[in-house]
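Have a look at the structure below before the remarks.
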Amino acid sequence: MEVIFQLVSIWGLFWYMPLYQCHLLHEWRTTMNYSFVFDVLPITFPLQGNPDEWRRLFKPCASQRLFLPAVLADIDSLLYVDTDTLFLGPLEDVWHHFELMNSSQIAALTPEHEDPNTGWYNRFARHPYYGKLGVNSGVMLMNLTRMRLFSWTDYVAPIYKEYKLTMTWGDQDIINIIFHFHPGDPKRFTNPGTLGSNGSPPLQILLIRRPNQHSPKKGQSDTPRLNDD
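The sequence shown runs contiguously to residue 229 in the UniProt record's numbering.
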């Protein structure tokens with residue numbers, strides 16, 4: 001049942017299979033006593049740059065997640081999970097972290113590693129990243145309303161343009177760069193119900209705030225300005 005819920009959540013947002021297979025989702029709804037609803041939405045990318053370039057960033061359509069605040073304009077919050085994420089407990093336990101956020105926190109992610117000796121970002125990254133070890137975006141709680149207030153999507157294209165030659169993990173690297181320049185005040189909450197996408201043990205969730213008046217902000221122009229740390 002967990003797998004069905006997970007596949008529905010993924011396919012309902014990122015559809016690159018033939019649309020005629022949509023009947024599978026309707027069959028699953030019947031199996032689950034119509035306990036969920038779904039929407040099949042087109043993949044959309046920003047006007048800036050080459051759509052095919054965005055589409056090929058890291059994995060097919062993985063970068064679509066970066067633009068969800070704009071694509072899902074009428075959705076307040078969502079839980080994004082990679083397809084290789086295994087839930088060991090109720091999804092409600094993860095969703096509960098939204099209730100633990102204060103009014104300025106926009107997202108929750110797990111650290112990329114716990115041990116600096118095996119960390120990827122601290123040893124190999126050639127671009128800025130969050131904190132000492134970076135964050136893993138395989139499971140991400142996204143408050144889309146607050147991300148829109150933060151103008152999240154305005155940062156994505158300029159960051160990609162500046163750092164694309166140094167990025168390895170695509171959309172996850174862009175997320176790390178954004179939170180490097182706007183770290184806010186992270187808080188940690190244990191999350192025993194999720195196994196990380198690398199097969200790592202359950203980690204902790206970082207709640208990352210929107211920048212306050214002392215954090216780097218966009219410049220006066222329409223293009224976001226990346227301030228030096």
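From the three backbone atoms N, C-alpha and C, an ideal C-beta is built for every residue, glycine too.
Residue 142 - partner residues in DSSP beta bridges: Answer by DSSP bridge pairing, in chain order: 78, 107.
Rounded separation between residue 202 and residue 32 - CA only: Residue confidence for residue 202 is low, a pLDDT of 49 falling below 50, so the modelled location carries little weight; the figure read from the coordinates is stated next. Distance from the CA of residue 202 to the CA of residue 32, rounded to the nearest whole angstrom, comes to 28 Å.
Expected contact under 8 Å - CB spacing of residue 67 and residue 45 to nearest Å: Going by Cβ atoms, the distance from residue 67 to residue 45 rounds to 7 Å, so yes, they are a contact pair.
Enclosing alpha helix (DSSP H) for residue 93 [first to last residue]: For residue 93, the enclosing alpha helix (DSSP H) begins and ends at 91-95.
Residue environment, residue 135, which counts as buried when at least 16 other CB atoms sit within 10 Å: Buried: at least 16 other Cβ atoms inside 10 Å.
Residue 105 versus residue 172 - alpha carbon distance: Each residue's alpha carbon lies about 19 Å from the other.
Continuous alpha helix (DSSP H) stretch holding residue 37: start and end: Note, residue 37: premise wrong, no alpha helix (DSSP H); not H, not E.
Between the CA atoms of residue 145 and residue 75 - distance to the nearest angstrom: Rounded to whole angstroms, residue 75 and residue 145 show a C-alpha spacing of 8 Å.
When 53, 56, 57, 181 are compared against residue 128, the one with the closest alpha-carbon: Comparing alpha carbon positions, the residue from 53, 56, 57, 181 closest to residue 128 is 181.
is_contact[residue 58, chain B] using C-beta, thresh 7 Å: Among the protein chains of the structure shown there is no chain B, as only one such chain exists.
Proximal residues to residue 95 (C-beta, below 7 Å), its chain only, five neighbours per side dropped: Cβ within range, chain order: 79.
Buried/exposed call for residue 117, threshold 16 Cβ in 10 Å: By the Cβ neighbour-count rule, residue 117 is exposed, with fewer than 16 other Cβ atoms within 10 Å of its own.
Burial state of residue 124, where buried means 16 or more other Cβ atoms lie within 10 Å: Label assigned to residue 124: exposed.
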